[in-house]
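Below: the structure, in structure tokens.
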Amino acid sequence: MRYVTEYRDAGLVRGVLDEIHSTVTKPWVMMEICGGQTHAIMRHGIDQLLPSQIELVHGPGCPVCVTPLELIDKAIAIASQPEVIFTSYGDMLRVPGSGTDLFSVRAAGGDVRVVYSPLDAVKIARDNPDREVVFFAIGFETTAPPNAMSVVQAQAMGLQNYTILVSHVRVPPAIHAILGAPHNRVQGFLAAGHVCAVMGYWEYKPIAEQYGVPIVVTGFEPLDIVRGILHVLKLLEGGRAVAENAYSRAVTFEGNQPAQQLIDRVLEPCDRKWRGIGVIPESGWRLRREYADFDAETRFGVEEIRPQESPLCIAGQILQGLKKPYDCSAFQVQCTPENPLGATMVSAEGACAAYYRYGHRVSEG
Amino acid sequence: MCLGVPGKILEIYEVESLKMGKVDFGGVVREVCLEYVPEAEIGDYAVVHVGFAISLVSEEEAQATLDMLREIIDLEDELGPEQGSS
Ligand code: SF4
Chain P
1 MRYVTEYRDA GLVRGVLDEI HSTVTKPWVM MEICGGQTHA IMRHGIDQLL PSQIELVHGP
61 GCPVCVTPLE LIDKAIAIAS QPEVIFTSYG DMLRVPGSGT DLFSVRAAGG DVRVVYSPLD
121 AVKIARDNPD REVVFFAIGF ETTAPPNAMS VVQAQAMGLQ NYTILVSHVR VPPAIHAILG
181 APHNRVQGFL AAGHVCAVMG YWEYKPIAEQ YGVPIVVTGF EPLDIVRGIL HVLKLLEGGR
241 AVAENAYSRA VTFEGNQPAQ QLIDRVLEPC DRKWRGIGVI PESGWRLRRE YADFDAETRF
301 GVEEIRPQES PLCIAGQILQ GLKKPYDCSA FQVQCTPENP LGATMVSAEG ACAAYYRYGH
361 RVSEG
Chain F
1001 MCLGVPGKIL EIYEVESLKM GKVDFGGVVR EVCLEYVPEA EIGDYAVVHV GFAISLVSEE
1061 EAQATLDMLR EIIDLEDELG PEQGSS
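Residue numbers (the working numbering), protein chains in the order written: chain P, 1 to 365; chain F, 1001 to 1086.
This is the structure we're talking about:
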């Protein structure tokens, strides 16, 4: 496949790894923000091929993992109502709420449907005018443009029965929170390539300067990842705290202007709670007042829910790079992908799920 | 959710006044919204997330990256790992 095969070329990957080995002179801690990259790193065993001086810690960039428990509980409450067709990206269904999950709501007769794109949810609303169609609008900067577009499209089509349950999060405030935390160990970042495809990487420049930490926009194929690591390493070894781009085939400094404009039209920044981490100021987006009619929380008036997290789960610390899944006493014991205690064990982008699935490499190594 | 794969745009058309297209991901063809890449043309490669193209892949930049990496690696081979660091 074009733009994929070349970036999986084992010879090139090995060459870049050799260069990493010959460049490193002291220990460094780097964080990959994006859970998709965490999985790619584990799947290809990249962490095992790096010099022992380089430690990769895993970031909070797993949308399913950080969606706050209250929102999952609200989603469950809304999805349980008989007039509702609740639509969602597939991996939200098994995420544990305080008591149950969306999958169980469906098993109990609720109309919960998995959609690939929010535009599919708009189509369902058009085809079911006598039902309320709710879309679970979660995610980082990559899903914001699609989710915002679904609202604009529903409005243009005059749909009265389409709302979204919004839990949007943004990467830069999370980086601030990680770097500003007293126990922070992260010295350099691989920034999430596709978040930057939408937003550009201008927001990372002041962060790199303020904290003295290099940030490198990185793609998702094995070659992209080792190249991103090499780039961060060279900046660290050279003492240069700048934001640079190692994924220029898909990312520009300014990002995608039409997408940023539509986000800005429909959504506004707000404080947002991250599951296991807590409230991070200005780290989310919510619907602007002009689009309040499309807000599922308002339409369904779901009462304040007091959520209950599993006391064993340390996902919040894992998502901040302070702990690894192996540090959790429930890992592989009480907590498995079939019976997850926390969201990081469910999602295809969660660190606990990645360690569960590919962790054998670690014991071999 | 963030692992967008690049696909090749096969067709461009309009649905409900949205710019849409058919995109080929190594044999699997899906309908994709192209509103965010207004400059897209048939034959371009797009990074697609949840049914939306969020950026077009730059052929030039893709080639430049591969050339640059091959250069680093060749240099490494010539100089050996010790002096290869910059
Ligand atoms: S292994 Fe399970 S319980 Fe432990 S941190 Fe991960 S998700 Fe939470």
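Here a beta-carbon is modelled for each residue, glycine too, at the ideal position from N, C-alpha and C.
Min CB distance residue i to chain F below 8 Å
i, result
"Arg-227 of chain P", "yes"
"His-194 of chain P", "yes"
"Thr-38 of chain P", "no"
"Met-157 of chain P", "yes"
"Gln-153 of chain P", "yes"
"Glu-364 of chain P", "Residue placement at Glu-364 of chain P is poorly supported in this model, since its pLDDT is 39, which falls under 50; the coordinates are not used for a value here."
"Val-171 of chain P", "no"
"Cys-352 of chain P", "no"
heavy atom of the ligand SF4 below 7 Å from residue i C-beta
i, result
"Ser-310 of chain P", "yes"
"Gly-342 of chain P", "yes"
"Met-92 of chain P", "no"
"Met-345 of chain P", "yes"
"Ile-314 of chain P", "yes"
"Pro-325 of chain P", "yes"
"Ile-318 of chain P", "yes"
"Ala-354 of chain P", "no"
"Ala-330 of chain P", "yes"
"Cys-62 of chain P", "no"
"Cys-335 of chain P", "yes"
Beta-carbon neighbours of residue i, restricted to chain P and to distances below 7 Å
i, result
"Ala-1062 of chain F", "Tyr-3, Arg-249"
"Val-1028 of chain F", "Those within 7 Å of Val-1028 of chain F in chain P number zero; the least Cβ separation is about 10 Å."
Within chain P, partners of residue i - CB distance below 8 Å
i, result
"Val-1023 of chain F", "Chain P residues near Val-1023 of chain F: none, gap ~12 Å exceeds 8 Å."
Neighbour flag for residue i against chain P, beta carbons, 8 Å
i, result
"Tyr-1013 of chain F", "no"
"Gly-1043 of chain F", "no"
"Leu-1018 of chain F", "yes"
"Ile-1072 of chain F", "yes"
"Val-1005 of chain F", "yes"
"Cys-1002 of chain F", "Because the pLDDT at Cys-1002 of chain F is just 48, under 50, the model does not fix this residue reliably, and the point stays unresolved."
"Cys-1033 of chain F", "yes"
"Ser-1085 of chain F", "For Ser-1085 of chain F, the predicted model reports a pLDDT of 41, less than 50, meaning its position is unreliable and no value from the coordinates is stated."
Contacts of residue i in chain F (Cβ-Cβ under 7 Å)
i, result
"Asn-256 of chain P", "Tyr-1036, Ile-1054, Ser-1055"
Cross-chain neighbours of residue i in chain F, by beta carbon under 9 Å
i, result
"Ser-283 of chain P", "The contacting residues do not exist; Ser-283 of chain P stays about 17 Å from chain F at best."
"Val-198 of chain P", "Tyr-1036, His-1049, Ile-1054, Ser-1055"
Contacts that residue i makes with chain F (C-beta to C-beta distance below 8 Å)
i, result
"Pro-118 of chain P", "Val-1050, Gly-1051"
"Ala-259 of chain P", "Tyr-1036, Ile-1054"
Residue i: contacting residues in chain P (beta-carbon distance under 9 Å)
i, result
"Leu-1010 of chain F", "Here the premise fails: no neighbours, minimum Cβ distance about 13 Å."
CB contact below 8 Å: residue i versus chain B
i, result
"Ala-243 of chain P", "In the structure shown, chain B does not exist; the protein chains are P and F."
query = What runs of the beta strand (DSSP E), each 3 residues or longer, lie entirely inside the region 48 to 81 of chain P?
reply = 54 to 61
message = Using a Cβ-Cβ cutoff of 9 Å, what residues of the region 2 to 29 of chain P are near chain F? List them in chain order.
response = Residues Arg-2, Tyr-3, Val-4, Glu-6, Tyr-7, Asp-9, Gly-11, Leu-12, Arg-14, Gly-15, Val-16, Asp-18, Glu-19, His-21, Ser-22, Thr-23, Val-24, Thr-25.
query = When Cβ atoms are compared, which residues of the region 121 to 152 of chain P fall closer than 8 Å to chain F?
reply = Legend: CB atoms of the region 121 to 152 of chain P lying less than 8 Å from CB atoms of chain F belong to residues Gly-139, Phe-140, Thr-142, Thr-143, Pro-145, Pro-146, Met-149.
inquiry  = Which residues of the region 80 to 94 of chain P have a Cβ closer than 9 Å to any Cβ of chain F? Give them in chain order.
reply    = Tyr-89, Asp-91
ask   = Can you give, in chain order, each stretch of the beta strand (DSSP E) that sits fully within the region 1017 to 1046 of chain F and has at least 3 residues?
value = 1018 to 1025, 1028 to 1033
query = What are the complete alpha helix (DSSP H) segments, minimum 4 residues, inside the region 214 to 250 of chain P?
reply = 222 to 237
key: Length-filtered (3 minimum) beta strand (DSSP E) runs lying within the region 98 to 185 of chain P   = 111 to 114, 132 to 139, 162 to 169
query = At what residue ranges does the region 7 to 46 of chain P contain a whole run of the alpha helix (DSSP H), taking only runs of 4 or more?
reply = 10 to 23, 35 to 43
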